[in-house]
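In terms of full-length UniProt numbering, the sequence shown opens at residue 1 and continues consecutively. Please read the structure below before turning to the comments.
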Amino acid sequence: MAISSFFGNSGKYIDDLSLVGSVEGPKHEYWTAGCVLAARLTEDPSLSVLVLEAGGSGTPHLYEFTLEPQVHATNRPRYFPRGKVLGGCSSVNAQMAQYGAPSDFDQWAALNNDESWSWKNLHRYFKKFEKYTDDPAYPNVDSSVRGSEGPVRVGYFNRASEHSKAFVEACGEVGIPPVPDFNGPKGPLGAGRVMTYIDSKGQRVSSETAYLTKEVLARPNLKVAIHAQVTRIIFDRVNGVMRAIGVECANSPDGPRYKAHARREVIISAGTIHSPHILMLSGIGPATELRKHGIPVIRDLPGVGANLVDHPIASLYLRDKKNDSVNILKPKNVLEGLQLAREVAKYQLYGTGKLATNFGEAAAFVRTDNPVLFPPKDYPQKLEDSTSGAASPDLELFCTPMAFKDHGQLLFNVHTYSLHCYLVRPTSRGTVRLTSASPWALPSVNPNYLHSPHDLDKLLRGFRLILKIAHAKAMESYIDHSDTNPELDHAKHLDRKTDDELKEMIRERVETVYHPTSTCRMAPEGEAEGGVVDSRLKVYGIEGLRVCDASVFPWIVSGHTAGACFAIAEKFADDLKAEFKASKI
């Protein structure tokens, strides 16, 4: 759900899998975090890296999952897309550069008894990937806490509509103060414009475009194979210890299988869905699940594929009074066709205009126990505190310059505007499970939305808050509340509905906001929810095998996940290089 253009480095990659076995070094399946690892590890000329990517380069392609029926959300299956392209979901996301709350990472450190994961230590890796320059339009951003020399362009090169500016003003009216930078040391609480992963030409910055530059791809110690799906990890017992020694891959179900061996490590960076999938296909996971599909058990590790958590979102569909939305993306008449042609020309020539939007242009982060926003007399129920600290949120609100359903597949026949709320610290947990022993069969994905009544109660508060924002004075010029279109929400008089009626609407509308995490959780092995990797990202009980992506998050971050993926990969690359150097001494 992002307009800014996709581009890659096509032609710089291996597309002949017979060549993959010629590299003897770390291997990894390659998504957002994998791009970082490939670039950073090969800075050391003594390290050779082979990257295997199931998709291609540049043109986005998706794994088109359908979730298991969500039994606590009207029992309806939902569409659940994941990136199948170099850069993974950083190549298809909404480019919103918000990283969570500092206390999220302190919580990670405490669980694993490893201070290297705390904010005071991990923050330098956020700065390491960032390239931020001062913007005179945003003088209150403290650039001293931002990185300025990293490969990932972070800033304000997207288009921000007048509607989005009005949203921030409306947030102030209802009691949400402005915040100059959602990624500052005091945390994200407040309202403001969202920084983006978009460069000065209005183009997307993915982990592929940021890290796999022509200079990096020219390194003799790096090979990147595209259309190379990992089918299993190869193991051997060395001195009585099970060790990952390589991977098998193929480019089609009926094509030949190729093997690549690793001298040092196999690193899985395939994302929250596919990392546990690869582990289970290889015999690492819940023993009962593996035996069900006839897969020999290499290591019984119940946490693999467990603890799936995602940010659930519910939206309001509103009429744009200005008739200035980006609904022209799907023109319905000749006039809108001409408007779209004009906007395409603006974007291609100058990187500006409506197509330079990332959709999520402005946002607000709030707590559901804030007495200003949720007065105790109106909200007497005390809800469970699932946040990581007093300065961290449990809800994000944001606006988009159009309303849509089914992930943008369905647009309305009039100009629209939308407000959204999603739960950034849900307590519902789901699973990723095998459907077959075949690596070409997509796994079963069930985030179990709204299993916890806590989640529904909090989303209800967020839904009532965006209704209040929609009726704030600042929005009067932008939202037509007199509209009677039955497909939109004005005629439904939602502010008059009971809690139970709104809860039913939330159950019907709840969807993914594309942030699944924690299926290969970094936690002590005996921890109640099931650790899969230790604080060095080593898979328990297997030598030479690590995981580095959002699947290792101990808890989901209080916001968007891409930045944390960049940062943990930057940290992990430094840690690995230090380990390899020490092992030579």
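Just so it is clear, CB atoms sit at the ideal spot from N, CA and C, and this is done for glycine as well.
- Bounds of the beta strand (DSSP E) holding Y317 are P312 to R319.
- In the three-state reduction of the DSSP assignment, P302 falls in the coil class.
- Judged by DSSP in its simplified three-state form, R367 adopts coil rather than helix or strand.
- Straight-line spacing of the CA atoms in E162 and R193 works out to 12 Å.
- Counting along the chain, E504 sits inside the alpha helix (DSSP H) bounded by residues D499 to R509.
- Just measuring C-alpha positions, the residue of P151, A160 and I245 sitting nearest Y211 is P151.
- C171 is a Cβ neighbour of I469, given a cutoff of 8 Å.
- Of the other Cβ atoms in all chains shown, 16 or more fall within 10 Å of the Cβ of S558; this residue is therefore buried.
- Restricting attention to D254, Y417, E511 and L41, the CA atom closest to the CA of W440 is found in D254.
- V366 sits away from L316, with the two beta carbons spaced by 8 Å or more.
- Put simply, of A582, V539, K584 and S535 the residue whose alpha carbon is nearest the alpha carbon of L122 is S535.
- CA-to-CA, the gap between R237 and R243 works out to about 6 Å.
- Counting C-beta pairs with one atom in each stretch, the region 410-419 and the region 472-491 have three or more that are closer than 8 Å, which means they touch.
- Note that the C-beta distance between Y422 and V547 is not below 8 Å.
- The beta carbons of Y99 and A564 sit closer together than 8 Å.
- Per DSSP, the beta bridge partners of R82 are Y63.
- In this structure, the alpha-carbon of T561 lies about 27 Å from that of T231.
- Taking 8 Å as the cut-off, the beta carbon of R257 is found closer than this to the beta carbon of E248.
- Inside the region 434-520, DSSP marks whole beta strand (DSSP E) runs of 3 or more residues at positions 444-446, from first to last along the chain.
- Taking the Cβ atoms as the reference, R429 lies roughly 30 Å from L576, outside the contact range of under 8 Å.
- Shown here, Q70 sits in a strand according to DSSP, grouped into three states.
- In the three-state scheme derived from DSSP, where H, G and I count as helix and E and B as strand, Q348 is classed as helix.
- If you look at T231, you'll find it in the beta strand (DSSP E) that goes Q229 to V238.
- By the criterion of a C-beta distance shorter than 7 Å, K332 is surrounded in its chain by N413, once the five residues flanking it on both sides are discounted.
- In the three-state reduction of the DSSP assignment, F404 falls in the strand class.
- Taking the Cβ atoms as the reference, K354 lies roughly 19 Å from S477, outside the contact range of under 8 Å.
- In the three-state reduction of the DSSP assignment, Y99 falls in the coil class.
- If you look at I268, you'll find it in the beta strand (DSSP E) that goes V266 to S269.
- The residues A97, E130, Y132 and M195, in chain order, have a CB closer than 6 Å to that of V154 in the same chain once the five nearest residues on each side in sequence are set aside.
- Counting C-beta pairs closer than 8 Å gives fewer than three between the region 491-509 and the region 339-351, which falls short of the contact rule.
- With respect to the 8 Å criterion, G531 and R299 are not classified as neighbours on the basis of their beta carbons.
- If you compare the alpha carbons of L281, A287, N323 and S269 with that of A437, the shortest gap goes to L281.
- The three-state reading of DSSP puts M195 in coil, since its state is none of H, G, I, E or B.
- Three or more Cβ pairs closer than 8 Å define a contact, and the region 372-389 falls short of that threshold against the region 196-203.
- Taking C-beta atoms as the reference points, P302 and P426 fail to come closer than 8 Å.
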